[in-house]
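Working notes, beginning with the structure itself.
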Amino acid sequence: MEAKSEVTIKFSGELPTATPLPNKKVAIELTDQNGIVFTAQVNAKSWRKAETSASEFADWAGAVSGKLGVRTENGFEIIDAGIQIFEKKAKEVKPDVGAAVPEAGVSS
């Protein structure tokens, strides 16, 4: 049976360190909580867009996704990688509706 191995590496707080490459790509490196290093090459245009989004959003999270590639000395390579930045919206505090409104049909 053949399967696809796709991964998504999530991050927040700061963008990963980027190194420009000659082929209109940028090399980025992310280390997970277990010390596994994921390296990826993303399009320079996508990287610039991610930098802009990260600077515009007050609170954000990011994700690098792609196909799981070969094992490297410290981790894995992510092939055909893409990067996205998402704005974290503040969660609304919802009042407890049941306690504030008396039930219909109940007489006092």
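The C-terminal position of the sequence shown is numbered 726 in our numbering, with every residue numbered one higher than the one before it.
Cβ coordinates follow ideal geometry from the N, Cα and C atoms, glycine included.
Alpha-carbon to alpha-carbon, residue j and residue i
{"i": "LEU633", "j": "MET619", "result": "37 Å"}
{"i": "LYS642", "j": "ARG666", "result": "12 Å"}
{"i": "VAL655", "j": "VAL711", "result": "38 Å"}
{"i": "ILE697", "j": "THR690", "result": "13 Å"}
{"i": "ASN692", "j": "LYS707", "result": "35 Å"}
{"i": "ALA662", "j": "LYS709", "result": "33 Å"}
{"i": "THR637", "j": "PHE675", "result": "23 Å"}
For residue i: DSSP bridge partner residues
{"i": "VAL644", "result": "PRO638 and VAL660"}
{"i": "GLU624", "result": "LYS685"}
Integer Cβ distance of residue i from residue j, believed to fall under 8 Å
{"i": "VAL660", "j": "GLY687", "result": "Not a contact, Cβ separation roughly 14 Å."}
{"i": "SER683", "j": "VAL644", "result": "Rounded, the Cβ-Cβ distance is 15 Å, inconsistent with contact."}
{"i": "TRP678", "j": "GLU695", "result": "With a Cβ gap of about 25 Å, TRP678 and GLU695 do not count as contacting."}
{"i": "GLN651", "j": "GLY680", "result": "Their Cβ separation, rounded to whole angstroms, is 16 Å, which puts GLN651 and GLY680 out of contact at 8 Å."}
{"i": "LYS685", "j": "SER623", "result": "6 Å"}
Bounding residues of the beta strand (DSSP E) (the contiguous stretch that carries residue i)
{"i": "GLN702", "result": "693-705"}
{"i": "ALA681", "result": "678-689"}
{"i": "LYS712", "result": "Here LYS712 belongs to no beta strand (DSSP E), and DSSP marks it neither H nor E."}
Residue of the options minimising C-alpha distance to residue i
{"i": "LYS628", "options": "GLU647, PRO640, ALA621 and THR637", "result": "GLU647"}
{"i": "LEU639", "options": "ALA621, ALA658, THR649 and GLY653", "result": "ALA658"}
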